[in-house]
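What follows is a set of notes on a single structure, which appears directly below.
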Amino acid sequence: MINELQHPLVKDLVNRLRSNQTQAEEFKTIIAELSRLLAYNALTTPPLIQSTIDTWQGPAEYSFIKQDDLIFIPIMRAGLPMLSGLSSLFPHSPSGFLAMRRDETTHQAKTYYDRIPECNDKIVVLLDPMVATGGSLNDATTLIKSKNPSKIICLNIIGSREGLDVVESNHADVDIHIAQIDKTLDSNKFIIPGLGDAGDRAFNTP
Ligand code: PRP
Numbered sequence: 001m002i003n004e005l006q007h008p009l010v011k012d013l014v015n016r017l018r019s020n021q022t023q024a025e026e027f028k029t030i031i032a033e034l035s036r037l038l039a040y041n042a043l044t045t046p047p048l049i050q051s052t053i054d055t056w057q058g059p060a061e062y063s064f065i066k067q068d069d070l071i072f073i074p075i076m077r078a079g080l081p082m083l084s085g086l087s088s089l090f091p092h093s094p095s096g097f098l099a100m101r102r103d104e105t106t107h108q109a110k111t112y113y114d115r116i117p118e119c120n121d122k123i124v125v126l127l128d129p130m131v132a133t134g135g136s137l138n139d140a141t142t143l144i145k146s147k148n149p150s151k152i153i154c155l156n157i158i159g160s161r162e163g164l165d166v167v168e169s170n171h172a173d174v175d176i177h178i179a180q181i182d183k184t185l186d187s188n189k190f191i192i193p194g195l196g197d198a199g200d201r202a203f204n205t206p
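Numbering of the sequence shown is given in full-length UniProt numbering, commencing with residue 1 and proceeding in unit increments.
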């Protein structure tokens, strides 16, 4: 399932990312805001737990999100600001890390680091702002599936239709929530119009 968010607030934030005037700090702040809006849309039926808390009127039972059962995994580098955005909403959730780099000639993603916690029967939320050819998200999803999570949810900022189709055709059981689906890819497999290279823009590298 691919869900493209349509809210004007989401589109406004995406279009601010497209601007070359948007410098690294603001870029990361906008990515963080978009990540919270994506999570708001994606996590409508999270695992819940009833807990008794002390309130000003004494002990009372309320429902809370079972944060231990949600694992957030950014695809580094560019996924890191997404994790920062979500840590205030999910301060008790475990994080995993997966670092991938797309080869500039072949455009194939290569994994160069992974540190994934126990995922058995947990919900894994994969974070990557960009889905170009879909290779990185596709391979990340395959790797996470081998860890037996109960579900995988992908939060993405901008993707190309062809890249998203690749992921969906291989992983129809995965939910993808994305802020913007753009037209196409250029000959270098960059999203058009896109926003350039999110990792470079977030971390001030050429
Ligand atoms: C970018 C982006 C995605 C990937 C998308 O990362 O952040 O992870 O490419 O491309 P794909 O869909 O064709 O695989 P990049 O490899 O530039 O690494 P970075 O995050 O370190 O900048």
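Cβ coordinates follow ideal geometry from the N, Cα and C atoms, glycine included.
Since the structure is predicted, the reported quantities are computational estimates derived from the model, not experimental observations.
Quick test of your reading: Ile158 and Asp175, contact by CB under 8 Å. State the CB separation rounded to the nearest angstrom.
The sequence position of residue 158 within the sequence shown is 158, counting from 1. The sequence position of residue 175 within the sequence shown is 175, counting from 1. Not confirmed; about 17 Å, so no contact.
What does the Cβ neighbour count give for Ile98, buried or exposed, with the cut at 16 atoms within 10 Å?
For the purposes of this step, residue 98 is taken as the residue at position 98 of the sequence shown. The sequence as given places Leu at residue 98; Ile does not occur at that position. Buried.
Taking 8 Å as the threshold (C-beta atoms), are Arg36 and Gly85 in contact?
Working through the sequence shown from its first residue, we reach residue 85 at position 85. Working through the sequence shown from its first residue, we reach residue 36 at position 36. Yes, the pair counts as a contact, with Cβ atoms nearer than the cut-off.
With a threshold of 16 other CB atoms inside 10 Å of the CB of Asp128, please say whether the residue is buried or exposed.
Residue numbering aside, residue 128 sits at position 128 when the sequence shown is read from its first letter. Answer is buried; the Cβ neighbour count reaches 16.
Taking the straight line between their C-alpha atoms, what separation do you get for Leu83 and Asn188?
For the purposes of this step, residue 83 is taken as residue 83 along the sequence shown, with counting starting at 1. For the purposes of this step, residue 188 is taken as residue 188 along the sequence shown, with counting starting at 1. So the two alpha carbons sit approximately 27 Å from each other.
By Cβ distance, which residues of its chain are closer than 6 Å to Gly163, with the 5 residues on each side in sequence left out?
Taking the first residue of the sequence shown as position 1, residue 163 is located at position 163. Excluding positions up to five away in sequence, the list reads Val131, Ala132, Thr133, Gly134.
How far does the beta strand (DSSP E) with Thr55 in it extend, from its first residue to its last?
For the purposes of this step, residue 55 is taken as residue 55 along the sequence shown, with counting starting at 1. Taken as a continuous stretch (DSSP letters only), the beta strand (DSSP E) holding Thr55 covers 48-55.
Apart from the five residues on each side of it in sequence, which residues of its chain come closer than 6 Å, Cβ to Cβ, to Ala109?
Taking the sequence shown and counting its residues from 1, one reaches residue 109 at position 109. Met100, Arg102, Gly135, Ser136, Asp139.
Between Pro129 and the ligand PRP, is the CB less than 7 Å from at least one heavy atom?
Taking the sequence shown and counting its residues from 1, one reaches residue 129 at position 129. At least one heavy atom of the ligand PRP is nearer than 7 Å to the Cβ of Pro129, so yes.
CA-CA distance, Pro81 and Asp68?
Numbered from 1 along the sequence shown, position 81 holds the residue referred to as residue 81. Numbered from 1 along the sequence shown, position 68 holds the residue referred to as residue 68. Roughly 21 Å separates the two Cα atoms.
Between Asn3, Ile30, Glu4, Ile2, which lies nearest to Asp12 when the distance is taken from Cα to Cα?
For the purposes of this step, residue 12 is taken as the residue at position 12 of the sequence shown. Considering only alpha carbons, the answer is Ile30.
Our contact map puts Ala42 next to His171 with C-beta atoms below 8 Å; I'd like the distance itself, whole angstroms only.
Against the sequence shown, residue 42 aligns to sequence position 42. Against the sequence shown, residue 171 aligns to sequence position 171. Incorrect: roughly 15 Å between the Cβ atoms, too far for contact.
Verify the contact flag: Lys28, CB atom, against every heavy atom of the ligand PRP, threshold strictly below 7 Å.
Here residue 28 refers to the residue found at position 28 of the sequence shown. No.
If you check the beta carbons only, do Lys147 and Ile116 fall under 8 Å apart?
Residue mapping note: residue 147 aligns to position 147 of the sequence shown, counting from 1. Residue mapping note: residue 116 aligns to position 116 of the sequence shown, counting from 1. In contact: Lys147 and Ile116 (Cβ atoms closer than 8 Å).
Taking DSSP as the reference, what is the three-state secondary structure of Thr22?
Start at 1 with the first residue of the sequence shown, and residue 22 comes out as number 22. Thr22 falls in the coil class under three-state DSSP.
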